[in-house]
Amino acid sequence: MLQHYCRFCCESEIIVPMSFIWSGDWQPYDQQGRRKYLNEAERQRFLNAANRLPSEARALCYFLSYTGCRVSEALAVCREHIDIEASAVVIRTLKRRKLTFRRVPLPPPFVTELLALPVLDNGQLWQWHRSTAWRHVTAAMEDARIAGPVRCPKALRHAFGMRCASASIPPNLIQRWMGHASIQTKAIYLDAVGVEEREFAERLW
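Below, the structure is given as structure tokens:
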């Protein structure tokens, strides 16, 4: 039905707000109404806690926050995937039917930090099992006093999407950076931010 509606809008030259488009049954809240993403205060506490971890674990925590990628995607990153001149990293996108890569910009100082990590024989930056990486991330979250459903690596991915939407990043860039197959998926974050909704509500206060 959504596809038919979008086709109708295109043919009729109707402009539809992106917040109208919703993808599937995913929500930014769980069944108890709790957030599934880190807010900015929690993210800052998490990064501060990550500063107290060993260099490899610290780099992973920052990498997940800066790129919004999945843990398994981060663990597959090799030294050759870092584009020094563009200050970006090339990430293999998982959960796609065909082999797909995406390039995500990184802060130049962080690129320098990644290049300083010891390179393994296979070129990977992190030679960890997914469960080990998970423990490092959740340890930083626990140290940052983050509890509930947001104490997991995926909360960083959702936080990245929310920050992109809050910063008015163009929808096509959000889709590209997060590796979404459909532009409909990133509309979840645009809807959840509720910036325009709050502006409307403030007219009543």
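Going by full-length UniProt numbering, the final residue of the sequence shown carries number 205, and the count climbs one at a time with no gaps. Quick reminder that beta carbons are idealized off the backbone N, C-alpha and C, glycines included.
Query	Result
The region 93-110 in contact with the region 136-151 per 3-pair CB rule at 8 Å	no
7 Å Cβ shell around W134 - same chain, five flanking residues per side excluded	V71, P153
The region 36-44 contacting the region 143-152, beta-carbon criterion three pairs below 8 Å	yes
In DSSP terms, what R35 is bridged to	Y29
CA nearest to the CA of D143, picked from R52, L99, P118, Y29	R52
8 Å contact criterion, which R79 and I91 should meet: CB distance rounded	Wrong, their Cβ atoms sit about 14 Å apart, outside the cutoff.
Expected contact under 8 Å - CB spacing of I146 and R34 to nearest Å	At roughly 12 Å, the Cβ-Cβ gap does not stay under 8 Å, so I146 and R34 are not in contact.
For Q27 and E56, the rounded distance between their alpha carbons	32 Å
L117 versus S65, A59, S166, residue with shortest Cα-Cα distance	A59
Span of the beta strand (DSSP E) around residue 206	Missing from the structure shown is residue 206; the chain here goes from 1 to 205 and no further.
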